[in-house]
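Q:
2 protein chains.
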Amino acid sequence: MKILVFGGDGFCGWPAALHLSARGHDVTIVDNLSRRRIDRELDSQSLTPIASMDDRIAAWRDVTGTTVPFHNIDIAQDFDALTDLLATQRPHAVVHFAEQRSAPYSMLGPAEKRYTVSNNLNATHNLLAAIVSTGLDCHVVHLGSIGVYGYGTARMKIPEGYLNITAAGDSEEPVNRDILYPADPDSIYHMTKAQDQLLFTFYNKNDGVRITDLHQGIVWGTQTEETKRDIRLINRFDYDGVYGTVLNRFLMQAAIGYPLSVHGSGRQTRAFIHIRDTVRCIAHALDHAPEQGDRVSIYNQVAETHRVLDLANMVSTMTGADIEHVPSPRNEPDENELSLTNDQFFGHALQPITLDQGLMEEIRNLASTYAANCNRDKIPSTPTWRSA
Amino acid sequence: MKILVFGGDGFCGWPAALHLSARGHDVTIVDNLSRRRIDRELDSQSLTPIASMDDRIAAWRDVTGTTVPFHNIDIAQDFDALTDLLATQRPHAVVHFAEQRSAPYSMLGPAEKRYTVSNNLNATHNLLAAIVSTGLDCHVVHLGSIGVYGYGTARMKIPEGYLNITAAGDSEEPVNRDILYPADPDSIYHMTKAQDQLLFTFYNKNDGVRITDLHQGIVWGTQTEETKRDIRLINRFDYDGVYGTVLNRFLMQAAIGYPLSVHGSGRQTRAFIHIRDTVRCIAHALDHAPEQGDRVSIYNQVAETHRVLDLANMVSTMTGADIEHVPSPRNEPDENELSLTNDQFFGHALQPITLDQGLMEEIRNLASTYAANCNRDKIPSTPTWRSA
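Which chain is which? The protein sequence lines are A and B, in order. In terms of my numbering, the first sequence opens at residue 92 and continues consecutively. In terms of my numbering, the second sequence opens at residue 92 and continues consecutively.
(1) Can you tell me which of the three DSSP states Phe293 of chain B falls into?
(2) Any idea if Glu283 of chain A is buried or exposed, counting beta-carbon neighbours within 10 angstroms, 16 or more meaning buried?
(3) Is any beta-carbon of chain A found at less than 8 Å from that of Phe76 of chain B?
(4) Quick one: what's Lys93 of chain B bridged to in DSSP?
(5) Listing by chain order, which chain B residues have their CB less than 7 Å from the CB of Val266 of chain A?
(6) Anyone know if the C-beta pair for Ser388 of chain A and Thr315 of chain A falls short of 8 Å?
(7) Strictly by DSSP, which residues pair up with Phe363 of chain A?
(8) Who are the near neighbours of Ala189 of chain B in its chain, counting only those whose CB is closer than 6 Å to its CB and skipping five residues on each side?
(9) Note down the Cα distance separating Ser352 of chain B from His230 of chain A, rounded to an integer number of angstroms.
(10) Along the stretch 185-196 of chain A, what residues have a CB closer than 7 Å to any CB found in chain B?
(11) At the 8 Å Cβ level, is Val333 of chain B part of the contact set with chain A, yes or no?
(12) Is Ala184 of chain A closer than 8 Å to Leu377 of chain A when the C-beta atoms are compared?
(13) Provide the residue span of the alpha helix (DSSP H) that contains Ser125 of chain A, from first to last.
(14) Chain A partners of Trp476 of chain B, CB-CB under 8 Å?
(15) Look at the alpha carbon of Leu227 of chain A and the alpha carbon of Ala178 of chain A, and state the distance between them as a whole number of angstroms.
(16) If you count every other CB in all the chains shown that lies within 10 Å of the CB of His216 of chain A, and 16 or more means buried, which is it?
(17) Return the residues of the stretch 211-226 of chain A that lie within a Cβ-Cβ distance of less than 8 Å from chain B, sorted by chain order.
(18) For Phe161 of chain B, tell me which candidate among B:Ile148, B:Val399, B:Ser472 has the shortest Cα-Cα distance.
(19) Just the chain A side, please: which residues come within less than 8 Å of Ala258 of chain B by C-beta, in chain order?
(20) Based on the DSSP secondary-structure assignment, which residues constitute the bridge partners of Gly235 of chain A?
(21) DSSP three-state call for Thr408 of chain B: helix, strand or coil?
(22) Please classify Ala463 of chain A: is it buried, with 16 or more other beta-carbons within 10 angstroms of its beta-carbon, or exposed?
(23) State the Cα-Cα distance for the pair Phe102 of chain A and Gly252 of chain B, rounded to the nearest angstrom.
(24) In chain order, which continuous runs of the beta strand (DSSP E) of length 3 or greater are located wholly inside the stretch 223-286 of chain A?
(25) Should Ile373 of chain A and Gly308 of chain A be called a contact, given that it needs their Cβ atoms to be closer than 8 Å?
(26) Please state whether DSSP places Glu426 of chain B in a helix, a strand or coil.
(27) Exposed or buried, what is Thr408 of chain B when buried is set at 16 or more other beta-carbons lying within 10 Å of its beta-carbon?
(28) Using a beta-carbon distance below 8 Å, is Ala150 of chain B in contact with chain A?
(29) Could you tell me which of A:Val399, A:Asp100, A:Arg320 sits nearest to His416 of chain A, measuring between CA atoms?
(30) Under a three-way DSSP split, which group does His354 of chain B fall into?
(31) Can you find a C-beta in chain A that's less than 8 Å from the C-beta of Pro201 of chain B?
(32) According to DSSP, is Ser482 of chain B part of a helix, a strand, or is it coil?
(33) Are the C-beta of Val300 of chain B and some C-beta of chain A separated by less than 8 Å?
(34) Evaluate Pro418 of chain A with the Cβ neighbour count: other Cβ atoms within 10 Å of its Cβ, from every protein chain shown; 16 or more gives buried, anything less gives exposed.
(35) I'd like to know if Ile270 of chain B contacts chain A, where contact means its C-beta is closer than 8 Å to some C-beta of that chain.
(36) Tell me the DSSP secondary structure of His110 of chain A in three-state form.
Shown next as structure tokens:
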């Protein structure tokens, strides 16, 4: 299958592109290298030494004989280049990771809020408008977020995208309907994913675009089978307070003897998935495209849920690291339950990787190996959700 | 009250600015004159001869002694100018009309789709981000649209913004909750208004911004008490197939002896409000600002609902005009019911202007007076929702 991977230089996009290439798909990467630009802007960088895009592609060619072409295009800005690319390549499917993906970054200040809104919505909308204007029948697989559901309000096992509701109607019979699960995002970033859902619903309804939206939990892990094959293929490992995800940060903190920083009570429940499952889920979604006329397919791309404090205790027990409670920079409930349906991926099709000591050790070893690259000043999460 | 009116040169924004000024508020208009630019782009123009902004302001000063300052700022693009203006003026309230407001325009092609999404979402988001970054406690009144609810799916009297639903929960007791009425927009334009709702919900929840969102029906009429006071104050009258609203188009068609063009069956039900009620509702909303801590206030700003064919018959009876059914360019149900709650405005506070013959006559006279300005080629509605 011919597949364009938008955002194929990022933490999920890069290993997904390689995994799809390894499975025999004809993969092309499109990226504007914005994640590397933001690294420079924040004066932070991946703990692991990530190679240039040229070197990454050369390495993949060296180990597999396959070339994955790369196009440097900002799809949020350059609609003509995007349209030309789609018209020339005529992909069967596109995978859309080309969005700013950090909630703390999206709350840093007005410039970062505005960038996140404009970049993410224009990227998604340009892609949909270009597919329609080029007349492609192309399956769009998009990386959404569990954060669209919100953390404060569920009181139910959250379904996969659609909620069946009952409301009083005009007749004696109440109205019963499937609706998009009511969005309740807790950051600007997550809000853009909820707004993306409205773009998908409209283009699916009006133009018949076939779309799969994957509401992913917090990713942990770094390497996949493919990124391990050459040092130049190594994946990003973000440990900083803006882009680092919680479990990876704990493991890195343990590796360098820094207390595990738990925000607030730590009784916030979050959903997790290993990066190797991320790439498997993307492949699965591509193999199970919706048919013409189907509504938007929505999957919850999560393996398990945990309280943040329980994760910290687990890592502490494993490593002897101390735990430090710090004030939460976020504006969200200090404690929440979170339970998610994930049958479409993990009910029968796949077996998820769950928190496994061996895999955690692998990450901690990786963190130890590159500990010299760590700038301890970058560890605290400084962006606050509200000004004081 | 010190009020900034964003989009104060437009069809609703201009008469609203004058009405608020007439009521003694300290009004400043902010606009990038984009509606005049789009007139040139489409080679169409208002049937009524609209004066330049300088002449409009001079006329209002001549008849009232009051100056309404005007700032030419594109708030979707120039965040610094917007922030400076808010920081300098420190308004008590802002009225936000600064969005591309035609559904057919938003469906013309990829450029117009992209402009509508980027302009509308960045305008709304910049305004909210600027209010937060300047630390203003400022009431935001926004013109939304009944179109966020959609036309195909209600089977109920649509409430004002929030729907009480029941869904299966974790315990035996079902979950009962107020949610934003599930959006089901039928055009890119209406979709942006649904996406705006998510912006409002987030900024209200995270930053405590006080917001009123007015879901308005199709506006008819042209003049208000204020715009009638001087020929240079006259309001826009759009009759073209892109910006003209249905009832005004029928009246103009009758005035020039052009058959009333009904799209499809004409059994589509739509909601209507007179422009004089629009400006009264805006004033009412400003006088009834939500308190700190309140959720977003949502009103249905509509007076009545009618089937399009019934309107055509009404105008035909009045004028003898023929009715012509033309294929609908839209992708929407050919027939729908529409019933809307509007108690907050019209339950007790105000009495709406309904389609009575006297007012119809007034518009017909206006259309007749300026019939010579009409370019008949611009009457058909050419933008189609899907390419053939």
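Ideal placement from N, C-alpha and C gives every residue a C-beta, glycine not left out. In this text the structure is predicted, and so the values were computed from the model without any measurement.
A: On the basis of the coordinates in this document:
(1) helix
(2) The amino acid occupying residue 283 of chain A in the given sequence is Thr; Glu does not appear at that position. Counting Cβ neighbours within 10 Å, Thr283 of chain A comes out buried, since at least 16 surround it.
(3) Because chain B spans 92 through 479 in this model, residue 76 of chain B falls outside it and cannot be assessed.
(4) B:Asp117
(5) Arg246, Met247
(6) No. Outside cutoff.
(7) A:Ile309, A:Glu395
(8) Same-chain partners within the cutoff: Phe97, Gly98, Ile166, Ala214.
(9) 38 Å
(10) none
(11) Not one chain A Cβ lies under 8 Å of Val333 of chain B.
(12) Judged by their CB atoms, Leu377 of chain A and Ala184 of chain A are nearer to each other than the 8 Å cut-off.
(13) 125-133
(14) Asn297
(15) Straight through space, the alpha carbons of Ala178 of chain A and Leu227 of chain A are spaced by roughly 8 Å.
(16) Looking at its Cβ environment, which holds 16 or more other Cβ atoms inside 10 Å, His216 of chain A is buried.
(17) Leu212, Asn213, His216, Asn217, Ala220, Ala221, Val223, Ser224, Gly226
(18) B:Ile148
(19) Met247, Leu254, Asn255, Ile256, Thr257
(20) A:His306
(21) helix
(22) Exposed.
(23) Roughly 39 Å between the two C-alpha positions.
(24) 230-236, 253-258, 266-271
(25) At a Cβ-Cβ threshold of 8 Å, Ile373 of chain A and Gly308 of chain A do not count as neighbours.
(26) strand
(27) exposed
(28) no
(29) A:Val399
(30) strand
(31) yes
(32) The structure shown does not extend to residue 482 of chain B, since chain B is modelled only from 92 through 479, so no value can be given for it.
(33) Contacts with chain A at 8 Å (Cβ-Cβ) do not include Val300 of chain B.
(34) Result: exposed.
(35) yes
(36) helix
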